[in-house]
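S.K.: My structure is below; once you've seen it, I'll send some questions.
There are 2 protein chains.
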Amino acid sequence: MEFVMRPIGVIHSPFTDTKQTPIQPTRSQAIGQVIIHPEFADGLQDVEEFSHIILLYAFHQSEGYSLRVKPFLDDQLHGLFATRHPCRPNPIGLSIVRLLARRDNVLEIEGVDVLDGTPLLDIKPYVPDFDVRTNTHTGWYEVRSRA
Amino acid sequence: MEFVMRPIGVIHSPFTDTKQTPIQPTRSQAIGQVIIHPEFADGLQDVEEFSHIILLYAFHQSEGYSLRVKPFLDDQLHGLFATRHPCRPNPIGLSIVRLLARRDNVLEIEGVDVLDGTPLLDIKPYVPDFDVRTNTHTGWYEVRSRA
Chain A
332 MEFVMRPIGV IHSPFTDTKQ TPIQPTRSQA IGQVIIHPEF ADGLQDVEEF SHIILLYAFH
392 QSEGYSLRVK PFLDDQLHGL FATRHPCRPN PIGLSIVRLL ARRDNVLEIE GVDVLDGTPL
452 LDIKPYVPDF DVRTNTHTGW YEVRSRA
Chain B
332 MEFVMRPIGV IHSPFTDTKQ TPIQPTRSQA IGQVIIHPEF ADGLQDVEEF SHIILLYAFH
392 QSEGYSLRVK PFLDDQLHGL FATRHPCRPN PIGLSIVRLL ARRDNVLEIE GVDVLDGTPL
452 LDIKPYVPDF DVRTNTHTGW YEVRSRA
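Residue numbers (the numbering used here), protein chains in the order written: chain A, 332 to 478; chain B, 332 to 478.
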């Protein structure tokens, strides 16, 4: 079984080198643009009413993967699926960004953390009723972020 | 440009009919299981230290899409990318579920909202520092949820 994904647009950012790229949107105030291919532009109606959107995209520069990795934020090996490492069996990235404005098929976003030219696969509206969880625990990340 | 995605496992749930399936995990307390294909099981190390995980999966029963849709929770047409509708150009679904336990390559989850047999594409740990946004506004959803 396989699923063929084709980009619906492209994400532009100030980052042309993986080493400069912020680790997560909450660590970035960078401004970027999402340009949707014109044939999908009608799907953006009303998206500007949402303050935040979820971008799903392809980690197009990742090659291969390891099932045990050291996350950028830790120095210990963990299972790949316990990390947000970009090299994954299905290289799908997820970022939540602030949506500043829409002009036709162009979205201005804040908090972008991806490489310039990243192929966009999907946009979903961020809805706290669906997407916010409290009373969480976060394993190695919790330990590191307290350090 | 295209990206070929192959399932890394399967999600089991009590739901065999789209009409019975909850609209979002926060509206579900259903128990389910994620079974990772054995060749990816090593990638699960330490995931059990996280209370919540993000499942990315294929909407394998969706066929085609419209760029303007009526969401399940509204009676007005909106742009597809302003909704979480399952029929999308790239049919990737996203659910945040509680992780109850791991036994080898099997994850017990709570709050499952997908069809039984859904092909799993990726698992990411849910990290509030990355994934929680406050001071949001949510357009048509906000209006409907106050109604």
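Glycine residues also receive a C-beta, built at the ideal position from the N, C-alpha and C atoms.
Because the structure is a prediction, the values reported are computed rather than measured.
(1) May I have the straight-line CA-CA distance separating R477 (chain A) from I423 (chain A), to the nearest angstrom?
(2) DSSP state of Y457 (chain B), grouped into three classes?
(3) Could you tell me whether the Cβ of D377 (chain B) comes closer than 8 Å to any Cβ of chain A?
(4) Rounded to a whole number of angstroms, what is the C-alpha to C-alpha distance between E380 (chain A) and P369 (chain B)?
(5) Could you say if the region 333 to 352 of chain A and the region 443 to 450 of chain A meet the contact criterion of at least three C-beta pairs nearer than 8 Å?
(6) Compute the distance between the beta-carbons of G374 (chain A) and G410 (chain B), then report whether it is under 8 Å.
(7) Check whether the Cβ of V437 (chain A) lies closer than 8 Å to any Cβ atom in chain B.
(8) Once DSSP output is grouped into helix, strand and coil, what is the label at T352 (chain A)?
(9) Could you pull the start and end residues of the alpha helix (DSSP H) that E473 (chain A) belongs to?
(10) Taking only three categories from DSSP, how would you classify T412 (chain B)?
(11) Throw me the rounded Cβ distance for the E439 (chain A) and Q364 (chain A) pair, which I believe falls under 8 Å.
(12) Counting only the same chain and skipping the five closest in sequence on each side, list residues whose C-beta sits under 8 Å from that of I362 (chain B).
(13) Indicate the three-state DSSP secondary structure (helix, strand or coil) for A432 (chain A) in the structure shown.
(14) Can you tell me which of A:R419, A:S426, A:L451 and A:I427 puts its alpha carbon nearest to the alpha carbon of I342 (chain A)?
(15) What does a CB cutoff of less than 8 Å around F371 (chain B) pick up in its chain, not counting 5 residues either side in sequence?
(16) Are the C-beta of F412 (chain B) and some C-beta of chain A separated by less than 8 Å?
(17) Going by Cα to Cα distance, which pick from A:S393, A:V400, A:D460 and A:P456 is closest to S359 (chain B)?
(18) Is it right to say F403 (chain B) is buried, meaning 16 or more other beta carbons lie within 10 angstroms of its own, or is it exposed?
(19) In angstroms with no decimal places, state the Cα-to-Cα distance between P456 (chain B) and N466 (chain A).
(20) Use the C-beta contact count for I354 (chain B): other C-beta atoms within 10 angstroms, 16 or more gives buried, fewer gives exposed.
(21) Helix, strand or coil for A361 (chain B), going by three-state DSSP, please let me know.
(22) If you reduce the DSSP assignment to three classes, tell me which class E394 (chain B) lands in.
(23) Below 8 Å on C-beta distance, what does S393 (chain B) contact in chain A?
(24) Of all the options B:W471, B:R433 and B:V458, which has the alpha carbon lying nearest to the alpha carbon of I366 (chain B)?
(25) Return the CA-CA distance between T469 (chain A) and V428 (chain B), expressed in angstroms with no decimal places.
(26) Hey, F412 (chain B) and I385 (chain A): beta-carbon distance below 8 Å or not?
(27) Please list, in chain order, the chain A residues whose beta carbon lies closer than 7 Å to that of G374 (chain B).
(28) Name, in chain order, the residues that DSSP records as bridge partners for S426 (chain B).
(29) Output needed for P420 (chain B): all residues of its chain with C-beta closer than 7 Å, excluding positions within five of it in sequence on either side, in chain order.
(30) Report yes if the CB atom of D405 (chain A) is closer than 8 Å to the CB atom of D462 (chain B), and no otherwise.
M.R.: On the basis of the data shown:
(1) For the purposes of this step, residue 477 (chain A) is identified with residue 146 of the first sequence, where counting begins at 1. For the purposes of this step, residue 423 (chain A) is identified with residue 92 of the first sequence, where counting begins at 1. R477 (chain A) and I423 (chain A): Cα-Cα distance of roughly 28 Å.
(2) Along the second sequence, one-based indexing puts residue 457 (chain B) at 126. DSSP places Y457 (chain B) in coil when its eight states are reduced to three.
(3) Against the second sequence, residue 377 (chain B) aligns to sequence position 46. Output row for D377 (chain B): interface = yes.
(4) Translated into the one-based positions of the first sequence, residue 380 (chain A) becomes position 49. Translated into the one-based positions of the second sequence, residue 369 (chain B) becomes position 38. Looking at the two C-alpha atoms, the distance is approximately 43 Å.
(5) Yes: the two stretches touch, three or more of their Cβ pairs being nearer than 8 Å.
(6) As a position in the first sequence, residue 374 (chain A) is number 43, starting the count at 1. As a position in the second sequence, residue 410 (chain B) is number 79, starting the count at 1. Result yes, Cβ atoms of G374 (chain A) and G410 (chain B) sit closer than 8 Å.
(7) Stepping through the first sequence from its first residue, residue 437 (chain A) is reached at position 106. With 8 Å as the cut-off, V437 (chain A) does not count as an interface residue toward chain B.
(8) As a position in the first sequence, residue 352 (chain A) is number 21, starting the count at 1. Three-state result, T352 (chain A): coil.
(9) Taking the first residue of the first sequence as 1, we reach residue 473 (chain A) at position 142. From DSSP, the alpha helix (DSSP H) with E473 (chain A) extends over G470 to R477.
(10) Counting from 1 along the second sequence, the entry for residue 412 (chain B) is found at position 81. The question names Thr, but residue 412 (chain B) is Phe in the sequence shown. Helix.
(11) Counted from its first residue, the first sequence places residue 439 (chain A) at position 108. Counted from its first residue, the first sequence places residue 364 (chain A) at position 33. Confirmed, about 6 Å.
(12) As a working note, residue 362 (chain B) is residue 31 in the second sequence. Result list for I362 (chain B): P345, L431, E439, I440, E441 and V443, in chain order.
(13) As a working mapping, residue 432 (chain A) is identified with position 101 in the first sequence. Strand.
(14) Mapped onto the first sequence, residue 342 (chain A) falls at position 11. Nearest C-alpha to I342 (chain A): A:L451.
(15) The count along the second sequence starts at 1 and reaches residue 371 (chain B) at position 40. Same-chain partners within the cutoff: I339, G340 and N436.
(16) Residue 412 (chain B) sits at position 81 when you count from the first residue of the second sequence. The C-beta of F412 (chain B) comes closer than 8 Å to at least one C-beta of chain A.
(17) Here residue 359 (chain B) refers to the residue found at position 28 of the second sequence. Among A:S393, A:V400, A:D460 and A:P456, the Cα nearest to that of S359 (chain B) belongs to A:D460.
(18) Counting from 1 along the second sequence, the entry for residue 403 (chain B) is found at position 72. Flag for F403 (chain B) reads exposed.
(19) Along the second sequence, one-based indexing puts residue 456 (chain B) at 125. Along the first sequence, one-based indexing puts residue 466 (chain A) at 135. In a straight line, the C-alpha of P456 (chain B) is about 14 Å away from that of N466 (chain A).
(20) The residue labelled residue 354 (chain B) in the question sits at position 23 within the second sequence. I354 (chain B) comes out exposed.
(21) In the second sequence, the residue the question calls residue 361 (chain B) occupies position 30. DSSP places A361 (chain B) in coil when its eight states are reduced to three.
(22) On the second sequence, position 63 is the one that residue 394 (chain B) refers to. Three-state DSSP puts E394 (chain B) in coil, outside helix and strand.
(23) In the second sequence, counting from the first residue as 1, residue 393 (chain B) sits at position 62. Result: empty, since nearest Cβ-Cβ is about 11 Å, beyond 8 Å.
(24) As a position in the second sequence, residue 366 (chain B) is number 35, starting the count at 1. Closest by alpha carbon: B:R433.
(25) Numbered from 1 along the first sequence, position 138 holds the residue referred to as residue 469 (chain A). Numbered from 1 along the second sequence, position 97 holds the residue referred to as residue 428 (chain B). Each residue's CA atom was taken as its position, placing T469 (chain A) and V428 (chain B) some 14 Å apart.
(26) Numbered from 1 along the second sequence, position 81 holds the residue referred to as residue 412 (chain B). Numbered from 1 along the first sequence, position 54 holds the residue referred to as residue 385 (chain A). Cβ atoms of F412 (chain B) and I385 (chain A): not closer than 8 Å.
(27) Counting from 1 along the second sequence, the entry for residue 374 (chain B) is found at position 43. By Cβ distance, chain A contributes L398, G410, L411 and F412.
(28) The sequence position of residue 426 (chain B) within the second sequence is 95, counting from 1. Beta-bridge pairing links S426 (chain B) to B:L386.
(29) As a first step, residue 420 (chain B) must be located in the second sequence, where it is residue number 89. Closer than 7 Å at the Cβ level, and outside the excluded window around P420 (chain B), lie Y396.
(30) Counting from one through the first sequence, the residue named residue 405 (chain A) turns up at place 74. Counting from one through the second sequence, the residue named residue 462 (chain B) turns up at place 131. Contact flag unset, no.
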